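Chemist:
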Amino acid sequence: MKNFIRCVILFVCLSINSAANAITYNVVVLPADILRVCENYYCYPEVSEIVANDLIKYFNASNKIKSPTLPEIRRTLAGNQNLKTSVKASMDKFNSRGNVDFSAMKQLSKAFSANSVLLISNSVGTENSSMRRSVWEILELSSALNVSYPYSMDTDAVLIDTVNDLVMWRGGYSKVLNSSDGSFTARKASQSYAKYAYLQAYSCDILAKTIAQNVILRFFPKTVTPVLNTKDLKPSGNYFRYESSNPSRSRIDEKEEEPLEHDYGEMIYGI
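Letter by letter, the sequence shown follows residues 55 to 325 of the working numbering.
#1: Would E103 be called buried (16 or more neighbouring beta carbons within 10 Å of its own) or exposed?
#2: If we call anything under 8 Å between Cβ atoms a contact, is Y95 one with W223?
#3: So, with DSSP's three-state summary, where would you put I265?
#4: Nearest to I270 by CA position, among N176, Y112, S175 and Y98, is which residue?
#5: For L220, write down the residues that DSSP places opposite it in a beta bridge.
#6: Can you name the start and end residues of the alpha helix (DSSP H) that N114 belongs to?
#7: Measure the alpha-carbon distance for Y256 versus Y250 and round it to whole angstroms.
#8: With DSSP as the reference, identify every bridge partner of P85, one or two as the case may be.
#9: Give the range of the alpha helix (DSSP H) segment to which S196 is assigned.
#10: Starting from N232, trace the alpha helix (DSSP H) both ways and give me its first and last residue.
#11: Hey, S163 and N169: beta-carbon distance below 8 Å or not?
#12: For a test of your reading of the model: does the CB of W223 fall under 7 Å from any non-hydrogen atom of the ligand FMN? Yes or no.
#13: Look up Y79 in the DSSP assignment and say whether it is helix, strand or coil.
#14: Assuming contact is defined by CB atoms lying nearer than 8 Å, are I214 and L261 in contact in what I supplied?
#15: Let's see if you can read the secondary structure: which residues bound the alpha helix (DSSP H) around K149?
#16: Anyone know if the C-beta pair for Q161 and L137 falls short of 8 Å?
#17: Name the one or two DSSP bridge partners that K120 has.
#18: Decide if N149 is buried, meaning its Cβ has at least 16 other Cβ atoms within 10 Å, or exposed.
#19: Would you tell me roughly how many angstroms separate the C-alpha atoms of T139 and V217, rounded to the nearest one?
Encoded structure:
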């Protein structure tokens, strides 16, 4: 009889543990530029879309959070004109002023049976100017006019609880785009593609992973170690430099360089 009771207790405990491990959350990842397809001179995806795609892949591979793909979101918006208009207006507002339209986000999340939306915006600022543009607009202008300013790319991530109309988490990240000589230009197609590949690598290896892990922590505390994104960190090696060459053996024993500013960004917990 005692053995039977022990078996029952063990079975119940295992069942509860399995149920807990099977919990997943639906989160809609929405780049602020989702409706801007091939609108820039280079016809490259906007950086907010690059980051959002990497986030979606990360979430869907985690077995903790499930997210619809960007093509699925676009198809849903195309099939619902009212929702598309509402989302476009809310994204314009979020891009320009950082304001969140909870009503529009609630409508969007319901379309995907989700209770959370993760907004991603990306823009570039310049010194002595309040106007912000996309990375590709800046690259086109700086290349055409042959000007060099310190360009800082800022990415904002906002996790929204659409049930209670609350901001669950917000993260802000900054990255200097200029190469070591202070330029950010592309006079050839190969040079512009190199910039595109650079931003893809930065998103996949650093930015999206950092955002994803901190979002997962909001649903599953202590399940991952968050990547703390401080401004005084430097990318590993020369991989994230435009002018970098393949590492040679002679570099192995070189002294590690001191961290520089504005390379990764900073984490902001709360608002």
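The C-beta atom is built at its ideal place from N, Cα and C for all residues, glycine as well.
Remember, predicted model here, so these are calculated numbers, not experimental data.
Modeler: The answer reads as follows:
#1: Start at 1 with the first residue of the sequence shown, and residue 103 comes out as number 49. With 16 or more other Cβ atoms within 10 Å, it is buried.
#2: Position 41 of the sequence shown, counting from 1, holds the residue named residue 95. Position 169 of the sequence shown, counting from 1, holds the residue named residue 223. No, the pair does not count as a contact, with Cβ atoms beyond the cut-off.
#3: Residue numbering aside, residue 265 sits at position 211 when the sequence shown is read from its first letter. I265: helix per DSSP, three-state reduction.
#4: Taking the first residue of the sequence shown as position 1, residue 270 is located at position 216. Answer by Cα proximity: Y112.
#5: For the purposes of this step, residue 220 is taken as residue 166 along the sequence shown, with counting starting at 1. D215, per the DSSP bridge assignment.
#6: The residue you call residue 114 lines up with position 60 of the sequence shown. Looking at the DSSP string, the run of the alpha helix (DSSP H) that includes N114 is V101 to S116.
#7: For this step, residue 256 is matched to residue 202 along the sequence shown. For this step, residue 250 is matched to residue 196 along the sequence shown. Taking the straight line from one Cα to the other gives about 10 Å.
#8: Sequence index remark: in the sequence shown, residue 85 carries index 31 (1-based). I174.
#9: Position 142 of the sequence shown holds residue 196. That run of the alpha helix (DSSP H) goes V189 to L199.
#10: The sequence position of residue 232 within the sequence shown is 178, counting from 1. Where N232 is concerned, there is no enclosing alpha helix (DSSP H), given that its DSSP letter is neither H nor E.
#11: Stepping through the sequence shown from its first residue, residue 163 is reached at position 109. Stepping through the sequence shown from its first residue, residue 169 is reached at position 115. In this structure, N169 lies closer than 8 Å to S163 by Cβ.
#12: Looking for the ligand FMN in the displayed structure turns up nothing, as the structure carries no ligands at all.
#13: Along the sequence shown, read from residue 1 onward, the residue named residue 79 stands at position 25. In this structure, Y79 counts as strand in the three-state DSSP scheme.
#14: Reading the sequence shown from its first residue, position 160 is the one you call residue 214. Reading the sequence shown from its first residue, position 207 is the one you call residue 261. Not a contact, by the Cβ cut-off of 8 Å.
#15: Taking the sequence shown and counting its residues from 1, the one referred to as residue 149 is at position 95. The question names Lys, but residue 149 is Asn in the sequence shown. Residues Q135 to R151.
#16: Looking up residue 161 in the sequence shown gives position 107. Looking up residue 137 in the sequence shown gives position 83. Going by C-beta atoms, Q161 is nearer than 8 Å to L137.
#17: Start at 1 with the first residue of the sequence shown, and residue 120 comes out as number 66. For K120, which the question treats as bridged, DSSP gives the partners N80.
#18: Here residue 149 refers to the residue found at position 95 of the sequence shown. With 16 or more other Cβ atoms within 10 Å, it is buried.
#19: Taking the sequence shown and counting its residues from 1, the one referred to as residue 139 is at position 85. Taking the sequence shown and counting its residues from 1, the one referred to as residue 217 is at position 163. If you take the alpha carbons of T139 and V217, they lie about 21 Å apart.
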